[in-house]
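Enquirer: Residues are numbered in the numbering used here as their position in the sequence shown, beginning at 1, plus a constant of 123. Where is the CB? At the ideal position from N, CA and C, for every residue including glycine. Since we're looking at a predicted model, the values are computed, not measured.
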Amino acid sequence: MTTSERPCMSFPKKERITSKKLVEQLFCGTNRSMVAFPIRMVYMPTKAIDVPVQVLTSVSKRHFKHAVKRNRVKRQIREAYRKTRNSFVESIANTDNHYAVAFIYLADDIKSSDVIDGCIDRLMKRLGEKIAHEREVEKGDVKANEGC
């Protein structure tokens, strides 16, 4: 496999949410979220960003008083996202929307990287499936009230 065929595994700054305006929009209360304990994912479709997905990580200062522990958890979340990002980006490549995603750590203690990897992977797969389903509904391939 040459370097041009290998998927990019970096996590550049342009893929991180740095805009205060975008953060406020993301947490305004009207956006959707999913939970796979110990992670809550809040997401919002947007056209305001250049890359397919921008990500924010958040760890509560209430649960982790020391910045060292908060930074470790954020590093674990970013690493887990970085590993699963490529499959998610491929699944939304056909859409016009781009997504702003926030990962919020809910637990009171530090979980292992394997647990966090599994949670991020499940959340990204569920989000990809939900986006694919919404795209099918928009196209009219699936009836909106199917299964009720």
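Quick check: the Cα distance between residue 227 and residue 233, rounded to an integer number of angstroms?
Expert: Start at 1 with the first residue of the sequence shown, and residue 227 comes out as number 104. Start at 1 with the first residue of the sequence shown, and residue 233 comes out as number 110. Each residue's alpha carbon lies about 13 angstroms from the other.
Enquirer: Looking at the unbroken beta strand (DSSP E) that takes in residue 191, where does it start and where does it end?
Expert: Here residue 191 refers to the residue found at position 68 of the sequence shown. Taken as a continuous stretch (DSSP letters only), residue 191 belongs to no beta strand (DSSP E), being part of the alpha helix (DSSP H) at 190 to 214.
Enquirer: Can you give me the C-alpha to C-alpha distance between residue 224 and residue 162, rounded to a whole angstrom?
Expert: As a position in the sequence shown, residue 224 is number 101, starting the count at 1. As a position in the sequence shown, residue 162 is number 39, starting the count at 1. In a straight line, the C-alpha of residue 224 is about 12 angstroms away from that of residue 162.
Enquirer: If you compare alpha carbons, which of 173, 219, 220, 249 is closest to residue 210?
Expert: As a working mapping, residue 210 is identified with position 87 in the sequence shown. With distances taken between Cα atoms, residue 210 lies closest to 249.
Enquirer: Report buried or exposed for residue 190, applying the criterion of at least 16 other Cβ atoms within 10 angstroms of its Cβ.
Expert: On the sequence shown, position 67 is the one that residue 190 refers to. Exposed, because fewer than 16 other Cβ atoms sit within 10 Å of the Cβ of residue 190.
Enquirer: Could you tell me if residue 185 is buried or exposed, where buried requires 16 or more neighbouring beta carbons within 10 angstroms of its beta carbon?
Expert: Taking the first residue of the sequence shown as 1, we reach residue 185 at position 62. Flag for residue 185 reads exposed.
Enquirer: Touching or not, the stretch 194 to 201 and the stretch 165 to 172, by the rule of three or more beta carbon pairs under 8 angstroms?
Expert: Taking 8 angstroms as the limit for Cβ pairs, the verdict is that the stretch 165 to 172 does not touch the stretch 194 to 201.
Enquirer: Out of 259, 263, 237, state which residue places its alpha-carbon closest to the alpha-carbon of residue 215.
Expert: Position 92 of the sequence shown, counted from the start, is the residue given in the question as residue 215. Here the closest residue by C-alpha is 259.
Enquirer: Determine the closest residue to residue 242 out of 263, 158, 174, with distance taken between C-alpha atoms.
Expert: Along the sequence shown, read from residue 1 onward, the residue named residue 242 stands at position 119. Ranking the options by Cα distance to residue 242, first place goes to 158.
Enquirer: Rounded to whole angstroms, what's the CA-CA distance from residue 238 to residue 219? Just pull it up for me.
Expert: Residue mapping note: residue 238 aligns to position 115 of the sequence shown, counting from 1. Residue mapping note: residue 219 aligns to position 96 of the sequence shown, counting from 1. Using only the alpha carbons, I get a separation of about 32 angstroms.
Enquirer: Roughly how many angstroms separate the alpha carbons of residue 221 and residue 246, rounded to a whole number?
Expert: As a working note, residue 221 is residue 98 in the sequence shown. As a working note, residue 246 is residue 123 in the sequence shown. Cα-Cα distance, rounded: 17 angstroms.
Enquirer: Give the DSSP bridge partners of residue 157, in chain order.
Expert: Translated into positions along the sequence shown, residue 157 becomes position 34. Partner(s): 164.
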